[in-house]
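Residue 122 in numbering that gives the first Met the number 0 sits at position 123 of the sequence shown, with consecutive numbering throughout.
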Amino acid sequence: MTAHSKFDPSARILLGPGPSMTHPRVIRALSAPTVGHLDPELLSLYAEEQELLRTVFQTKNEWTFALSGTGTSGMEAALVNLIEPGDEMLVAIHGFFGERLAEIATRVGGQVDRITRPLGEIFTLEEIESALRQKPYKLFAIVHAETSTGAEQLHIKEIADLVHQSGALLLLDTVTSLGNIPLKIDEWDVDAAYSASQKGLGAPSGLAPITIGDRAKSKIENRKSPVASFYLDLKAYANYWMGGHAYHHTASANLHYALTEGLRVIVEEGRENTFARLRSNSETLWRGLENMDLPPFIPLEYRLPPLTTAQVPAGVDPHQVRARLLNEYNIEIAAGFGALKDKVWRIGLMGYSSRKENVTLLLGALRELLK
Ligand SMILES: Cc1ncc(COP(=O)(O)O)c(C=O)c1O
């Protein structure tokens, strides 16, 4: 007789930079029967999923759908479709994910210039304006919510105006902002944005929502060279989702049930109510951290409610505390990135993880462990 091993993962309280906790409604949706990737029932779910994505992205963009893959596939799809080999592009880097944008842009053939801010800071409009004057760039990319530091790049609408005046297109990373903080693709005039299913949307990782505006769509449709990636070719995606529904790849029906359910939850709660819940729970966290002498690292003005970096006190081993939170309390938080590795903890209160009971539990556990 064969022995069957039992895999029984712990029901973790996920308070790191992502994934956040999967909403119970999403878990139920995931377990519905699998249909084929061309089944009319899945295609009609896609129509609903697109409408819900347009609502959360606040856009009317026709090309709004979810790619098979994590947030990085959204990043890579945007870059490989919007850049033709040799195109000049500017990336504004205020953390780890800005650097990833620059690296992928270089790999897909872009001539990439970088401007950078130290970890924990954001760009002023003047800095962006003067960098855009260096060359006639075709594309400018920036991260809205930098998960590596917990900083929100403010003034996206004004940045979009500067980018358009310079003749470039604006690509915005919204992996940690979508569903977690206000984001207005059309009002801010963002040309292309991508996200991920596992942070603000209450679903597991595996899908990357993306939205492409008219200028960006026309750039893609008028490319001189074919898109180097077959898998991430957005024209082929648009045809699978909205056109002749031609087979492109075997998309996971169950992940789409999950993402659609996660989006329904947000729309039913009401986007503004979701943002208010996140802010209020994070404000409770910030007060609690300050009371324990673990002040948030990012100034309030541009501090992200979904991701808080809390400063580790002198003499405390941040990694040991994290390990004890996981082993003794079942709570996941993360270490800092790069130069911040031993200096901060990263605490996520995103999507379904942002609940009062989780804040109380985390603050209580930290108080015990730091006694
Ligand atoms: C801002 C940002 N961009 C991109 C990514 C990459 O997403 P993924 O890990 O889902 O590929 C992440 C992941 O945490 C992120 O926080």
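Positions of the beta carbon are idealized from the N, C-alpha and C atoms, including for glycine.
Check: Classification of His3 by the beta-carbon crowding that lies within 10 angstroms, buried from 16 upward; Outcome: exposed
Check: Tyr246, buried or exposed, once every other Cβ within 10 Å from all chains shown has been counted against 16; Outcome: exposed
Check: Supposed contact pair Ala77 and Ile209 - C-beta distance, whole angstroms, cut 8 Å; Outcome: 7 Å
Check: Opening and closing residue of the alpha helix (DSSP H) in which Pro135 lies; Outcome: From DSSP, Pro135 is part of no alpha helix (DSSP H); its letter is neither H nor E.
Check: C-alpha gap between Gln49 and Trp240, whole angstroms; Outcome: 9 Å
Check: At least three beta-carbon pairs within less than 8 Å, the stretch 165-180 to the stretch 138-147; Outcome: yes
Check: Any non-hydrogen atom of ligand 1 within 8 Å of Arg116 CB; Outcome: no
Check: Integer Cβ distance of Leu277 from Leu66, believed to fall under 8 Å; Outcome: With a Cβ gap of about 25 Å, Leu277 and Leu66 do not count as contacting.
Check: Local Cβ density within 10 Å of Asp213, reported as buried at 16 or more and exposed below that; Outcome: exposed
Check: Which residues DSSP lists as bridging Gln110, in chain order; Outcome: Glu87
Check: Nearest-angstrom beta carbon gap, Arg11 and Glu331 [assumed within contact, 8 Å]; Outcome: 5 Å
Check: heavy atom of ligand 1 below 8 Å from Met74 C-beta; Outcome: yes
Check: DSSP three-state assignment for Glu151, whether helix, strand or coil; Outcome: strand
Check: Ser147 versus Arg323 - alpha carbon distance; Outcome: 22 Å
Check: Contact between the stretch 301-320 and the stretch 346-355 (3+ Cβ pairs under 8 Å); Outcome: yes
Check: Residues that Phe56 bridges to, as DSSP identifies them; Outcome: None; Phe56 has no bridge partner.
Check: Spatially closest choice to Pro84 from Leu299, Arg106, Phe64, Ala91, by CA coordinates; Outcome: Arg106
Check: Reference Glu102; option with closest CA among Asp160, Val79, Gly119; Outcome: Val79
Check: Residue burial classification, Gly94 (beta-carbon count within 10 angstroms, cutoff 16); Outcome: buried
Check: Where Thr210 falls: helix, strand or coil (DSSP); Outcome: strand
Check: Per-residue burial, Val315 [other beta carbons within 10 Å of its own, 16 or more giving buried]; Outcome: exposed
Check: Close-in-space but distant-in-sequence residues of the same chain around Leu379 (CB under 8 Å, 5 per side omitted); Outcome: No answer is possible for residue 379: the residues shown for the chain start at 0 and end at 370.
Check: Proximity to Ala91 [Cα-Cα], best of Leu153, Leu51, Glu356, Thr69; Outcome: Leu153
Check: Pair within 9 Å by beta-carbon distance, Ser352 and Leu14; Outcome: yes
Check: Rounded straight-line distance, which links the Cα of Leu118 to that of Leu299; Outcome: 16 Å
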